[in-house]
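Remarks on the structure that follows.
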Amino acid sequence: MILFEVENRFLRETFETRLRNLEKALEIDVHLLEFNDIRYRLQASVKDPRYMRLSIKIPAASPQVPMEDSLPLGAIEAVEEAYGTLVEVQKVPEAGYDLTLKVDLHQLPPTEEERFKLMTKLAALRAIIMGAPLRETLKSLLSQPMAEMGETEGGGLQTAYEKKKNIVILHRPGEFFYAFPQSEKVTIVFPMRFKDSNDAALGVAFLQEFMEARRGSASSCAPPCSYSRTPPQELEDAPPLEKQPNAGFVSFIIFRRHVDGERLEKTTWAISTFHAYVSYHVKCSKAFMHTRMRTRVESLIQDK
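Dropping the structure here:
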């Protein structure tokens with residue numbers, strides 16, 4: 001099964017083209033769409049060759065999702081941490097976009113390898129911004145000091161972070177998933193909804209097979225997950241869904257071992273794009289079945 005690249009390939013290739021021609025002033029104005037919900041605009045001008053401008057438009061959020069200036073909570077801080085002095089967040093974004101970054105090519109590292117690595121990271125802007133709330137939630141598994149723990153009414157331990165009963169995170173236009181942090185784990189719940197009833201039926205079949213495959217030894221180190229057609233217990237006190245899912249609910253349980261070191265970014269990306277991952281394979285299944293049906297019809301016609 002395919003896993004999506006973190007960086008946008010077209011953005012990366014455009015940045016690499018600019019890096020290979022730093023001595024030249026290039027005129028660039030590129031518009032592109034990613035996952036059918038994220039819009040980018042990348043610009044460079046011969047009049048100001050030192051800078052490039054990268055703008056991004058994210059999906060519209062439901063009222064239940066906390067946002068800050070049309071961006072997920074913590075997005076600006078995540079951008080500044082990821083890119084440092086290479087970029088400057090513009091106070092007023094490009095018209096029609098939620099965020100514009102001014103990329104200073106004079107701030108690039110000295111070696112070519114480091115430069116291309118940083119450009120690849122810049123092409124992963126979606127992961128940096130959209131993954132900000134989930135990343136901070138998962139980082140709590142690494143950073144909870146014992147001093148912050150206190151006794152609960154039942155005598156057990158409870159961290160300060162555990163007091164946040166649920167976190168609602170945007171992942172598609174008008175749709176979200178839930179994160180439920182606790183002291184030793186974070187439970188993620190995805191309401192699975194498809195616009196088309198046929199897609200929903202295929203989605204249910206895919207998720208059932210996905211759960212069966214997860215029982216194999218090859219995936220024993222992956223986060224535990226479960227699938228149910230009914231809402232899990234965690235959703236009892238969560239913000240209500242505007243649109244009821246037609247393909248059930250998928251839950252993941254993330255432990256500290258899943259976010260140690262480089263695993264944090266990998267887990268954040270995999271969880272953030274899980275619905276897109278399922279949708280991709282549903283569409284591939286439909287395309288395969290349509291191809292088989294057309295092939296079968298053609299063979300029947302030839303046999304006559």
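Going by full-length UniProt numbering, the first residue of the sequence shown is number 1, and it counts up by one from there. Glycine included, every Cβ here is placed at the ideal spot set by N, Cα and C. Just so you know, these numbers come straight off a predicted model, no measurement behind them.
Three-state secondary structure (DSSP) of residue i
{"i": "residue 204", "result": "helix"}
{"i": "residue 104", "result": "strand"}
{"i": "residue 67", "result": "strand"}
{"i": "residue 87", "result": "strand"}
{"i": "residue 192", "result": "coil"}
{"i": "residue 183", "result": "coil"}
{"i": "residue 260", "result": "coil"}
{"i": "residue 30", "result": "strand"}
{"i": "residue 72", "result": "strand"}
{"i": "residue 62", "result": "coil"}
{"i": "residue 227", "result": "strand"}
{"i": "residue 15", "result": "helix"}
{"i": "residue 21", "result": "coil"}
{"i": "residue 298", "result": "helix"}
{"i": "residue 293", "result": "helix"}
{"i": "residue 97", "result": "coil"}
{"i": "residue 149", "result": "Caution is warranted here: a pLDDT of 37 is assigned to residue 149, below 50, making its placement in the model unreliable, and the coordinate value is therefore given only provisionally. If DSSP states are grouped into helix, strand and coil, residue 149 belongs with coil."}
{"i": "residue 121", "result": "helix"}
{"i": "residue 239", "result": "coil"}
{"i": "residue 79", "result": "helix"}
{"i": "residue 222", "result": "coil"}
{"i": "residue 139", "result": "helix"}
Nearest to residue i (by Cα), restricted to the options the options
{"i": "residue 138", "options": "229, 101, 180, 171", "result": "180"}
{"i": "residue 203", "options": "278, 253, 83, 189", "result": "278"}
{"i": "residue 100", "options": "37, 79, 107", "result": "79"}
{"i": "residue 252", "options": "238, 243, 268, 245", "result": "268"}
{"i": "residue 262", "options": "273, 166, 135", "result": "135"}
{"i": "residue 40", "options": "55, 27, 14", "result": "55"}
{"i": "residue 229", "options": "222, 106, 244", "result": "244"}
{"i": "residue 169", "options": "12, 131, 26", "result": "131"}
{"i": "residue 231", "options": "249, 241, 294, 198", "result": "249"}
{"i": "residue 117", "options": "53, 298, 6", "result": "6"}
{"i": "residue 240", "options": "191, 281, 43", "result": "191"}
{"i": "residue 236", "options": "140, 166, 295", "result": "166"}
{"i": "residue 22", "options": "50, 296, 201", "result": "50"}
{"i": "residue 65", "options": "18, 177, 12, 45", "result": "177"}
{"i": "residue 121", "options": "11, 222, 48", "result": "11"}
{"i": "residue 129", "options": "57, 104, 294, 103", "result": "57"}
{"i": "residue 98", "options": "87, 285, 71", "result": "71"}
{"i": "residue 96", "options": "299, 31, 223", "result": "31"}
{"i": "residue 199", "options": "140, 282, 264, 209", "result": "282"}
{"i": "residue 104", "options": "247, 88, 3, 29", "result": "88"}
{"i": "residue 24", "options": "37, 47, 3, 42", "result": "47"}
{"i": "residue 44", "options": "91, 13, 38, 102", "result": "102"}
{"i": "residue 106", "options": "223, 18, 293, 290", "result": "18"}
Counted within 10 angstroms of its Cβ, other Cβ atoms place residue i as buried (16 or more) or exposed
{"i": "residue 75", "result": "buried"}
{"i": "residue 8", "result": "buried"}
{"i": "residue 301", "result": "exposed"}
{"i": "residue 20", "result": "exposed"}
{"i": "residue 61", "result": "buried"}
{"i": "residue 275", "result": "buried"}
{"i": "residue 288", "result": "exposed"}
{"i": "residue 175", "result": "buried"}
{"i": "residue 213", "result": "exposed"}
{"i": "residue 186", "result": "buried"}
{"i": "residue 194", "result": "buried"}
{"i": "residue 259", "result": "buried"}
{"i": "residue 189", "result": "buried"}
Beta-ladder partner(s) of residue i, from DSSP
{"i": "residue 57", "result": "39"}
{"i": "residue 284", "result": "None; residue 284 has no bridge partner."}
{"i": "residue 254", "result": "186"}
{"i": "residue 52", "result": "44, 103"}
{"i": "residue 170", "result": "176"}
{"i": "residue 249", "result": "191, 228"}
Test: residue i CB closer than 8 Å to a CB of chain D
{"i": "residue 110", "result": "Although the question refers to chain D, the structure presented lacks it and comprises just one protein chain."}
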